[in-house]
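Under the working numbering, the first residue of the sequence shown is numbered 303, with each subsequent residue one higher. Even for Gly, the Cβ is constructed at its ideal location relative to N, Cα and C. Taking it in order: structure first as structure tokens, then the write-up.
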Amino acid sequence: MDEELVDISTHRRMSSREVRESYGVGFWKEIRKEGALMQNKVAFLVGNGRRVKFWKDIWWGNFPLCNSFPSLYAFASSKEAWVEEFWDTSGVEGAWSPRFSRPFNDWEVEEVERLLLTIRGARLSPLMEDRMMWKVTSNGSFSIKSLYNDLSSRRAGLFPHGLIWNPSVPSKVSFFAWEASWGKVLTMDQLKKRGWAVANRCFMCCEEEESIDHILIHCSKARALWDLLFALFGVCWVLPYSARETLIEWRGFMLGKKHRKVWKAAPLCLFWAVWMERNRIAFDNEDFLVHRLKNSFVCNLWVWTKSIVNEGPLTLPSFLDWLGTR
């Protein structure tokens, strides 16, 4: 077991959420002791999709789809559905067709489109069994040693200190990211917990209750800024559920050294731009302006990090062009 690839083809309908016995499967028994953080170290190589949960397992991207699309998961027709159940084979190439318990509201259509865009590259292989992969090792094999090494490194780095205290960004921005990571920012949900009689509604989207994770990660208005960020760097990335998890996972291994330095400042810059836009609406009674939000983000990112590029006096347009190069 220690050095072999964990093959779920020998287990009936096994997923990352399905260890019920007290003894468990040895691999999963150890992982379940460490909770959700270690479950994120397991992914699935989907074949026929019969043994992998569509919403709850990590099979496309870095996180379960229920975490990446919580508003859609809330009214999914079957939260325990297998991947194969949502694959429509009626067309020539096949297509994804997730099912929901009610019709979409207008503001939910864009989120559904984003889900379909995220998984459009995934395809099922009817003749291939699904396989469980241990993401810590390069070959997907699980061993006690790899688990121990990963736990040791995680114990030392469960909080994104290095990313938050970034010398490229103003200290007030780092302090805000620090507070956001600990869930200490005074958003409407926090005020209600302190006894304030206030209506909890996101100031930007006016669709969901306000929390720091909603504002910075899940709000449809903030999502437009995340899409811009990923487009500028030319990367595809699935956002985690919380601001803290986002900063923990924000490494940029796929980028060059200079690009990686700008990449590490980008989420802090985005957090700050979103929070400033939120405050304009909340305290100055201004309307939400998407172009103002985007301009604030790109201008701050340029001002804070242009010295990193060190390729002569850059203009803002040339800086943005440079971000998309390798």
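beta-carbon residue i near the ligand ZN non-hydrogen atom, thresh 7 Å
{"i": "Ala524", "result": "Only the bare structure without any ligand can be found here, which leaves the ligand ZN out of the picture."}
DSSP three-state assignment for residue i, whether helix, strand or coil
{"i": "Lys355", "result": "strand"}
{"i": "Asp432", "result": "coil"}
{"i": "Trp484", "result": "coil"}
{"i": "Phe585", "result": "helix"}
{"i": "Trp362", "result": "coil"}
{"i": "Trp552", "result": "coil"}
{"i": "Phe621", "result": "helix"}
{"i": "Glu336", "result": "With a pLDDT of 47 at Glu336, under the threshold of 50, the predicted position of this residue should be treated as unreliable, though the coordinate-derived value follows. It is coil, neither helix nor strand."}
{"i": "Ala378", "result": "strand"}
{"i": "Ser373", "result": "helix"}
{"i": "Phe402", "result": "strand"}
{"i": "Trp498", "result": "coil"}
{"i": "Gly397", "result": "Here the sequence assigns Ala to residue 397, which means Gly is not the residue at that position. Strand at Ala397."}
{"i": "Ser427", "result": "coil"}
{"i": "Ser448", "result": "helix"}
{"i": "Ser473", "result": "helix"}
{"i": "Ser522", "result": "helix"}
{"i": "Asp529", "result": "helix"}
{"i": "Gly626", "result": "coil"}
Beta-carbon proximity of residue i to residue j, cut-off 8 Å
{"i": "Asn468", "j": "Lys566", "result": "yes"}
{"i": "Gly363", "j": "Thr439", "result": "no"}
{"i": "Ala345", "j": "Ile360", "result": "yes"}
{"i": "Leu622", "j": "Val600", "result": "yes"}
{"i": "Met430", "j": "Gly349", "result": "yes"}
{"i": "Ser483", "j": "Ala545", "result": "yes"}
{"i": "Leu418", "j": "Trp398", "result": "yes"}
{"i": "Val564", "j": "Leu625", "result": "yes"}
{"i": "Glu413", "j": "Phe371", "result": "yes"}
{"i": "Leu531", "j": "Leu595", "result": "no"}
{"i": "Val475", "j": "Glu481", "result": "no"}
{"i": "Pro542", "j": "Asn369", "result": "yes"}
{"i": "Lys560", "j": "Val611", "result": "yes"}
{"i": "Arg352", "j": "Asp432", "result": "yes"}
{"i": "Lys656", "j": "Val592", "result": "Past the boundaries of the shown model lies residue 656; the chain is included only from 303 to 628, so the question cannot be answered."}
{"i": "Met435", "j": "Leu347", "result": "yes"}
{"i": "Lys343", "j": "Lys437", "result": "yes"}
{"i": "Ser379", "j": "Phe406", "result": "no"}
Where the alpha helix (DSSP H) through residue i begins and ends
{"i": "Asn345", "result": "A quick correction: the sequence has Ala, not Asn, at residue 345. Segment 344-347 is the beta strand (DSSP E) holding Ala345; no alpha helix (DSSP H) there."}
{"i": "Glu512", "result": "Careful: Glu512 lies outside any alpha helix (DSSP H) and carries neither H nor E."}
{"i": "Cys538", "result": "No alpha helix (DSSP H) holds Cys538; DSSP gives it neither H nor E."}
{"i": "Cys601", "result": "592-611"}
{"i": "Ile466", "result": "463-466"}
{"i": "Glu633", "result": "With the chain covering 303 to 628 only, the question about residue 633 has no answer from this structure."}
{"i": "Leu616", "result": "Element bounds for Leu616: n/a, residue is neither H nor E."}
Candidates the options, of which the one nearest residue i by Cα
{"i": "Phe505", "options": "Ile514, Ala499, Gly497", "result": "Ile514"}
{"i": "Tyr375", "options": "Arg404, Asp623, Ala499, Val354", "result": "Arg404"}
{"i": "Leu465", "options": "Leu534, Asp432, Ile583, Glu547", "result": "Glu547"}
{"i": "Phe388", "options": "Ser473, Ala424, Pro400, Gly396", "result": "Pro400"}
{"i": "Trp409", "options": "Ser373, Trp574, Lys560, Lys486", "result": "Ser373"}
{"i": "Leu426", "options": "His561, Val592, Glu386", "result": "Glu386"}
{"i": "Leu518", "options": "Ser392, Met578, Lys608, Ile610", "result": "Met578"}
{"i": "Phe461", "options": "Asn451, Lys447, Ala479, Ser473", "result": "Ala479"}
{"i": "Cys521", "options": "Val354, Phe402, Phe590", "result": "Phe590"}
{"i": "Arg637", "options": "Gly396, Ala499, Val471", "result": "Because the chain here runs from 303 to 628, residue 637 falls outside it and cannot be looked at."}
Check your understanding: Counting pairs of beta carbons, one from the region 597-606 and one from the region 507-526, are three or more of them closer than 8 Å?
Key -> no
Review point. Should the region 567-582 be regarded as contacting the region 545-553, the criterion being three or more beta carbon pairs within less than 8 Å?
Key: Judged by Cβ distances under 8 Å, the region 567-582 makes contact with the region 545-553, as three or more pairs qualify.
**Study point:** Any 3 or more C-beta pairs closer than 8 Å across the region 580-589 and the region 532-541
**Key:** no
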